[in-house]
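Trainee: Note that our numbering gives residue 151 to position 149 of the sequence shown, counting from 1, and the numbers run on in steps of one.
C-beta atoms are modelled at their ideal positions from N, C-alpha and C, and glycine is treated no differently.
Just so it is clear, the structure is predicted and the values come from calculations on it, not from any experiment.
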Amino acid sequence: MSAYQLTYQAYGAGAVLVGWPAKIAPEILDDIRCFISFLKEASVPGILEWNSSYCSVLIVFNPMKTNYQALITLLKTYRSVSQDSSEIVPPPCWEIPVCYEPPYAIDLPDVAKEIGMDIQSLISLHTGTEYRVYGIGFLPGFLYLGGLPTSLHLPRKTMPIAVPKGAVAIGGQQTGVYPKDAPGGWHVIGQTPLTLFNSKESPPCQVAVGDAVRFREIDSQQYKTLHKQVEQGAYPLKKYGQ
């Protein structure tokens with residue numbers, strides 16, 4: 003049984019917001035994965051969909067097939083007998099190649115100077131960490147990745163800039179990947195040639211909340227080669243594990 007005390011809140015006429023302690027923690031993320039596994043396997047009548055993030059799951063239901071109180075009772079019953087989240091299968095890990103060279107790393111020199119670290123040490127630290135996906139948004143397919151080493155924490159920019167598709171950036175305590183050209187306030191330290199969101203595919207974003215991500219350093223020539231392969235549909239996103 004999980005040690006976390008959850009909160010349940012009506013979210014309009016047809017949704018329930020289930021809440022965990024409000025902090026970024028892999029233990030909470032794994033407990034949420036366990037909770038979602040139950041939703042998938044139990045096929046609870048009336049549930050239409052759910053969306054999860056750092057410390058919550060929003061469950062949308064059909065009011066004609068269930069109601070708020072009945073759903074809460076069922077979820078609480080599950081929590082009283084559920085497996086410990088430590089028993090859950092480890093998440094898949096996605097490999098994302100990143101070029102940290104000019105012109106793809108527009109803020110890298112400034113970031114290295116700001117945190118007092120040489121560029122190669124910064125790259126080694128960024129690529130030597132396994133991250134977890136805590137949320138997907140503000141753009142469709144934008145990956146919010148937790149686990150950024152403390153020495154790489156850096157406040158977001160005061161003014162947003164134009165950020166290119168595939169930009170790998172750091173902001174606050176997180177790192178992330180921009181799925182398309184957009185304004186952004188994070189510090190761009192590299193760029194991936196991969197496409198992480200495609201509305202024509204199902205699912206549009208293969209990476210899911212709870213998954214793991216590792217970055218792999220590539221040079222500018224490798225970037226150009228992979229970019230061509232991606233455009234031709236010849237370079238699939240690589241996944242390890244389940």
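Just curious, the beta strand (DSSP E) that Thr-129 is in, first and last residue?
Mentor: Where Thr-129 is concerned, there is no enclosing beta strand (DSSP E), although the alpha helix (DSSP H) it sits in stretches over 121-129.
Trainee: Excluding the five sequence neighbours on either side, which residues of its own chain have a C-beta within less than 7 Å of the C-beta of Ala-15, listed in chain order?
Mentor: The answer, listed in chain order, is Pro-65.
Trainee: In the DSSP assignment, what are the bridge partners of Glu-51?
Mentor: Answer is Val-62, bridged to Glu-51.
Trainee: Whole angstroms are fine: how far does the CA of Tyr-106 sit from the CA of Lys-226?
Mentor: So the alpha carbons of these two residues sit roughly 11 Å apart.
Trainee: With 16 other CB atoms within 10 Å as the buried threshold, where does Pro-93 fall?
Mentor: Per the 10 Å Cβ criterion, buried.
Trainee: When the distance is taken between beta carbons, is Ile-191 closer than 8 Å to Asp-109?
Mentor: Cβ atoms of Asp-109 and Ile-191: closer than 8 Å.
Trainee: Report all residues from its chain with a CB closer than 8 Å to the CB of Pro-206; omit the five preceding and five following residues, and keep chain order.
Mentor: Hits under 8 Å: Pro-142, Gly-143, Phe-199 and Asn-200.
Trainee: Under the rule that 16 or more other beta-carbon atoms within 10 Å means buried, what is Met-3, buried or exposed?
Mentor: Low per-residue confidence applies at Met-3: pLDDT is 47, beneath 50, and the placement is therefore not dependable, though the value from the model is reported in the following sentence. Per the 10 Å Cβ criterion, exposed.
Trainee: Could you name the residues that DSSP lists as bridge partners for Tyr-146?
Mentor: DSSP output for Tyr-146 lists Gly-137 and Gly-178 as bridge partner(s).
Trainee: If you run the structure through DSSP and keep just helix, strand and coil, what is Gln-193?
Mentor: If DSSP states are grouped into helix, strand and coil, Gln-193 belongs with the strands.
Trainee: Taking contact to mean at least 3 C-beta pairs separated by less than 8 Å, is the stretch 145-162 in contact with the stretch 170-179?
Mentor: These segments touch.
Trainee: With a 10 Å radius around its C-beta and 16 neighbouring C-beta atoms as the bar for buried, classify Pro-23 as buried or exposed.
Mentor: Pro-23 comes out exposed.
Trainee: Measure the C-alpha to C-alpha separation of Thr-131 and Thr-75 and round it to an integer number of angstroms.
Mentor: Distance between the alpha carbons of Thr-131 and Thr-75: 40 Å.
Trainee: Going by Cα to Cα distance, which pick from Ile-138, Gly-137 and Gly-148 is closest to His-128?
Mentor: That would be Gly-148, whose Cα lies nearest to the Cα of His-128.
Trainee: What's the gap between the Cα of Thr-9 and the Cα of Ser-55?
Mentor: Approximately 15 Å, taken between the alpha carbons.
Trainee: Determine the burial state of Ser-58: buried for a count of at least 16 other Cβ atoms within 10 Å of its Cβ, exposed for fewer.
Mentor: Under this definition Ser-58 is a buried residue.
Trainee: What is the DSSP secondary structure of Phe-217, counted as helix, strand or coil?
Mentor: Of the three classes helix, strand and coil, the one that applies to Phe-217 here is strand, per DSSP.
Trainee: For a test of the three-state rule: what should DSSP assign to Leu-19, helix, strand or coil?
Mentor: DSSP places Leu-19 in strand when its eight states are reduced to three.
Trainee: Here's the rule: buried if 16 or more other CB atoms are within 10 angstroms of the residue's CB, otherwise exposed. What is Gly-168?
Mentor: So Gly-168 counts as buried.
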